[in-house]
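Quick notes on the structure that follows.
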Amino acid sequence: MPKYTVIYNEDAGKNDNKSIAERFQQAAERLKRSTTLKATSSRQEALDYVVDHIDQLDTVITIGGDGSINTVFSAFLKAKKSVKVGIIPGGTVNNFAKALEIPQDEEAAFDTILNGHPLAVDLAHTEDRAIISSLTLGTLADMARHVGQDEKKKWGPLIYLSKGIRQLIAKKSYQIKVSTAGGDHVYRTRFLLATTTNSVGGFTNFDTSASPADGKIHLVILKHFSFMRLLGYLSYFLTGRFRDIKDVNQLTAQEVEISAVDSHLKVETRIDGDPSDQLPIKLGVEQGFVQVMVPK
């Protein structure tokens, strides 16, 4: 019989995570299943808890968005071991949950955890951090940094389009080197996106070739920016038809190293919307490393 451990941030904004955790516990107990609630006050506390108790855990339940899932997956990376994961979406965008077609509705999410089936998904990562949905640098990283929580709640994914267009117009390009098993590639770009799913910024058709279980990192690089092609870029974001845009280059790989050609240039990255390391950075994939509960 499954045993659940619900990990939630008791200080997470306006979301009543404790109440959600208690409602899930009630639903599980109706099926005679044991549930432990674990409130945490920080990402580090949650990560340490999973690492320290990994051998005693059966199924970990997260409440929140991609950042909450990232915390659990990063703990698995550190522990070099994983357990089943159930997701109760509570973020604004929820890229990972949408990519796996996990319901956004609370009760339906409960049912998926209790009555769904496990799906083996990849664990993409840097040396010490998981990548649930995406790594960005350049314009996309700047765009995410300038989007506030209130804006995300009010406008949803559309706020990323608005901020992104402004950043594309304002920012200059720079040279980066992308190294894969196929060789080194140098680009002058305004942004690079590394993704592991088809969902980015809440748009589930962003990259229809990407799957959370294909063992690959998918790279999208904007080589040239043309103000006259903004409508084409907009179509790209909404439909994922980036193969029709000549300004975009794509790569897929199991291992990638990204660096700035000018080693003195400071280029920041963001992982799943949160600040991460500066370049250079190495990315890898552990295929099928985690089992996530998904609808039947």
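Residue numbers (the UniProt record's numbering): 1 to 296.
Don't be surprised by glycine CBs; every beta carbon is placed ideally from N, CA and C.
message: In this structure, how does DSSP classify residue 108 when only helix, strand and coil are distinguished?
response: If you number the sequence shown from 1, residue 108 lands on position 108. Residue 108: helix per DSSP, three-state reduction.
task: Work out the CA separation of residue 95 and residue 159 for me, nearest whole Å.
output: Against the sequence shown, residue 159 aligns to sequence position 159. Against the sequence shown, residue 95 aligns to sequence position 95. Any reading at residue 159 must be qualified, since the residue scores a pLDDT of 48, below 50, and its modelled position is unreliable; the value itself is stated next. Going from the Cα of residue 159 to the Cα of residue 95 covers about 15 Å.
task: Pick helix, strand or coil for residue 22, following the three-state DSSP scheme.
output: On the sequence shown, residue 22 is found 22 positions in, with the first residue counted as 1. Residue 22: helix per DSSP, three-state reduction.
Every unbroken beta strand (DSSP E) within the UniProt domain "DAGKc" (1-130), with a cutoff of 3 residues, ordered by chain: 3-9, 34-40, 59-64, 84-89, 117-125
Assumed close pair residue 286, residue 128 - CB separation to whole angstroms, cut-off 8 Å: Indexing the sequence shown from 1 puts residue 286 at position 286. Indexing the sequence shown from 1 puts residue 128 at position 128. Actually they do not touch by this definition, with Cβ atoms about 14 Å apart.
query: Does the distance from the C-beta atom of residue 66 to that of residue 133 stay below 8 Å?
result: What you label residue 66 is simply residue 66 of the sequence shown in a count that begins at 1. What you label residue 133 is simply residue 133 of the sequence shown in a count that begins at 1. Yes; because the gap between Cβ atoms is below 8 Å, this pair is in contact.
- prompt: Could you give the C-beta distance for residue 135 and residue 269, rounded to a whole number, given that I count them as a contact under 8 Å?
  reply: Here residue 135 refers to the residue found at position 135 of the sequence shown. Here residue 269 refers to the residue found at position 269 of the sequence shown. About 6 Å separates the two Cβ atoms, so the contact holds.
message: So residue 64 and residue 9 are supposed to be a Cβ contact under 8 Å. How far apart are they, rounded?
response: Taking the first residue of the sequence shown as 1, we reach residue 64 at position 64. Taking the first residue of the sequence shown as 1, we reach residue 9 at position 9. 7 Å between Cβ atoms; contact.
query: For residue 159, which of helix, strand or coil comes out of DSSP?
result: Taking the first residue of the sequence shown as 1, we reach residue 159 at position 159. Confidence at residue 159 is low in this model, with a pLDDT of 48, below 50, so the placement of that residue is unreliable and no value is reported for it.
- prompt: Distance, Cα to Cα, residue 27 vs residue 115?
  reply: Here the question's residue 27 lines up with position 27 in the sequence shown. Here the question's residue 115 lines up with position 115 in the sequence shown. Those two C-alpha atoms are separated by around 11 Å.
message: According to DSSP, residue 305 sits in a beta bridge with which residue or residues?
response: Here the chain has residues from 1 to 296 only, and residue 305 is not among them.
Closest residue to residue 199 among 22, 209, 110 (Cα-Cα distance): Position 199 of the sequence shown, counted from the start, is the residue given in the question as residue 199. Checking every option, the nearest Cα to that of residue 199 belongs to 209.
- prompt: Quick one: what does DSSP say residue 200 is sitting in, helix, strand or coil?
  reply: On the sequence shown, residue 200 is found 200 positions in, with the first residue counted as 1. Three-state DSSP puts residue 200 in a strand.
- prompt: Under the rule that 16 or more other beta-carbon atoms within 10 Å means buried, what is residue 335, buried or exposed?
  reply: Nothing about residue 335 can be reported from this structure: the residues present for the chain run from 1 to 296 only.
query: Residues in its own chain within less than 6 Å of residue 21 by CB, not counting five upstream and five downstream?
result: Locating residue 21 in the sequence shown gives position 21, where the first residue counts as 1. Taken in chain order, the residues that qualify are 6, 8, 37.
- prompt: Quick one, which of 117, 197, 173 has its alpha-carbon nearest residue 296's?
  reply: Position 296 of the sequence shown, counted from the first residue, corresponds to residue 296. Residue 117 is the option with its Cα nearest to residue 296.
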